[in-house]
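Numbering (the numbering used here), first residue to last: 9 to 153.
Report on the following structure.
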Amino acid sequence: MNYRKFKKNAKALSPVIASIILIAVTVAVSVVVAAWMGGLTLGFMGNAEQGSITNAVFTSNTSVTLTVQNTGSNTITIQSATIDSNTATLTPITTATILKGASGSFNVTAIGGTFAAGAQYTFNLLTAKGHTLTYSATYNTNPAL
């Protein structure tokens, strides 16, 4: 009989306290998951190449000098170039490297064609990590205009 009285009078956690504990555990777990995901995002984004082509100067009817500014925290390595989706060559080297915070200029030469006066051209540079830097410029045979 004493057992029944004990069982009847035994008190568990009140529903309010149980709800507060459950909410606190949920918030703690979500903070940990958010911090973990933030670390992953920074890890992926920290390796991103950030740069842009800031200028294009046509040096002949087949060649242009491109200036690339590296605005990221990693070195950018240019592996290939295209002019209007046609393969072009990087000269005097085949790969151009721009250190973090620096800018670099190099020549891109059209293969098998010449620039037409007044035509607009799109220059794409592909980096070693697969990013594309794009710039458009119009070829003008008389730069004084």
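Glycine included, every Cβ here is placed at the ideal spot set by N, Cα and C.
Computed from a predicted model, the values in this text were never measured in an experiment.
Does the separation of the CB atoms of Ile61 and Ile84 fall below 8 Å?
No, the pair does not count as a contact, with Cβ atoms beyond the cut-off.
What did DSSP end up calling Ser38 once you bin it into helix, strand or coil?
helix
Closest residue to Ser93 among Asn148, Ala145, Asn132 and Ile31 (Cα-Cα distance):
It is Asn132.
Pick out whichever of Ile28, Thr95, Ser144 and Gly126 has its Cα sitting closest to the Cα of Ala171.
The chain is shown from 9 up to 153; residue 171 falls before or after that span and cannot be answered.
If you draw a straight line from the C-alpha of Thr6 to the C-alpha of Ile91, how long is it?
Nothing about residue 6 can be read from this structure; the chain reaches only from 9 to 153.
Use the C-beta contact count for Ala26: other C-beta atoms within 10 angstroms, 16 or more gives buried, fewer gives exposed.
exposed
May I have the straight-line CA-CA distance separating Val39 from Ile86, to the nearest angstrom?
40 Å
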